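See below for the structure under consideration.
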Amino acid sequence: MNPYILAILLFGLGLGTTITFASSHWLLAWMGLEMNTLAIIPLMAQHHHPRAVEATTKYFLTQATAAAMLLFASVTNAWLSGQWDIQQMTHPLPTTIITLALALKIGLAPIHAWLPEVLQGLDLTVGLILSTWQKLAPFALILQINPTNSTILIILGLTSTLIGGWGGLNQTQLRKILAYSSIAHLGWMILVLQFSPSLTLLTLLTYFVMTFSTFLVFKLNKATTINTLATSWTKAPILTSLTPLILLSLGGLPPLTGFMPKWLILQELAKQDLALTATVAALSALLSLYFYLRLSYAMTLTMSPNNLSGTTPWRLSSSQSTLPLAISTAMAICLLPLAPAATALLTP
């Protein structure tokens, strides 16, 4: 893609998110979300591959539907209460519709079906943008409206953690596994949203760091299926031995970074007398852990058959910059000791 066009599109992505962040009026927020969607569409379809075009079309249709729902709900809210302000959502009907529209935008279960399909059709770089940056603007709005209907949030959260775990069990494609991992993590964030918005933000940030690191590892290895991971020993042995730690951090095992948000969320749910919800969430994390372990096993404990024609492409050095990968990997593995500092910042 032409670098000037790429720069304009990335600028549009950033601007759309910033407009949504800065807006207090529903129309402005909607405009920011639309800019976001329209800026990423050429990036998604840039390879002109049938799968990429299909993924782009699916993404466009779901995002347009969600944006239309959001616009409808904000107009309804203005009609019922005379308020266009995002933080003045008093009527339960538009609040519920907006919550569901934003859930569709980020891919929460049970309205998640588009996310694995779309991610599967994209290359890893655009998939990374879709899994991280594109979640920021809808999350800013969800945090601002502070939904009053707690039941719908808990149902969305629990369904997402369960479907995110179950859906990934059967997959062999890495991008689909990452999509289900994304759904499960979003479920955890939504579960605790009404009790501790700052904890949701912390979970979102740690998820971003771990996902960034995972995508960069797969990109360095040019891996798109589980079987391709077995060839990574010959390419980057040290990175291959560190990758299981990143994956287990995504699964939420101590003493890795990913344990911190899960631990704090379970603690918060227990404080709110939601012991059953916390138990179901913790058990659903085991489902996700299974497919992270499967990836780790494929990557470190299986050797691919080394024939002469197969060894040559593995020896080529990658042109990818390794500094972002090094920083994000260190953060994805080592940040658990900062948990006391995080909790001190979270408590008002």
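All the letters of the sequence shown, read from the start, carry residue numbers 1 to 348 under UniProt numbering. For each residue, glycine too, the CB sits at the ideal point set by N, CA and C. Predicted, not measured: the structure shown is a model, and the values here were computed from it.
Of the residues Gln144, Ala140, Ala78, Phe215, the one whose Cα lies closest to the Cα of Leu174 is Phe215.
Burial of Gln120 is indicated by the presence of at least 16 other C-beta atoms within 10 angstroms of its C-beta.
Straight across, the Cα-Cα distance linking Thr65 with Ile246 is about 35 Å. Note on geometry: alpha-carbon atoms of Leu266 and Met1 lie some 45 Å from one another. Per DSSP, reduced to three states, the secondary structure at His185 is helical.
Only exposed fits Tyr4, as fewer than 16 other CB atoms lie within 10 angstroms of its CB. When the alpha-carbon of Ser181 is set against those of Gly164, Pro337, Thr302, Lys271, the nearest one is in Gly164.
Take the alpha-carbon of Thr96 and the one of Gly251: they are about 31 Å apart. For Pro3, the uninterrupted alpha helix (DSSP H) run begins and ends at 3-22, by DSSP. In the assembly as shown, Ala275 is an exposed residue. Its beta-carbon has fewer than 16 other beta-carbons within 10 Å.
Distances from the CA of Asn149 to each of Thr99, Gln134, Gly187 were compared; the closest alpha carbon is that of Thr99. Segment contact: the region 323-342 against the region 197-217, three or more CB-CB distances shorter than 8 Å; contact assigned. Listed in chain order, the non-local C-beta contacts of Ser284 below 6 Å within the same chain comprise Thr161, Leu162, Gly165, local neighbours out to five positions each way being set aside. Shown here, Thr172 sits in coil according to DSSP, grouped into three states, outside any helix or strand. Scanning the region 189-226 from its first residue to its last, the whole alpha helix (DSSP H) runs of 4-plus residues come out as 197-221. Contact annotation: Leu128 and Lys219 have beta-carbon atoms nearer than 9 Å. Only exposed fits Ser241, as fewer than 16 other CB atoms lie within 10 angstroms of its CB. At the C-beta level, Leu33 and Lys135 stay beyond 9 Å of one another.
Apart from sequence neighbours up to five positions away, the residues of its chain that approach Gln144 with a beta-carbon distance below 8 Å are Ile86, Gln87, ordered along the chain. Using a C-beta cut-off of 8 Å, the region 10-18 makes contact with the region 29-43, since at least three inter-stretch Cβ pairs fall below that distance. Proximity of the region 278-296 to the region 225-245 meets the contact definition, three or more beta-carbon pairs being nearer than 8 Å.
Residue range 92-106 is occupied by the alpha helix (DSSP H) that includes Ile98. Note on the region 238-315: whole alpha helix (DSSP H) runs with a minimum of 4 residues are 259-271, 275-300, 308-315, in chain order. Our two residues, Thr57 and Val118, have alpha carbons roughly 9 Å apart in a direct line. Residue range 26-44 is occupied by the alpha helix (DSSP H) that includes Asn36.
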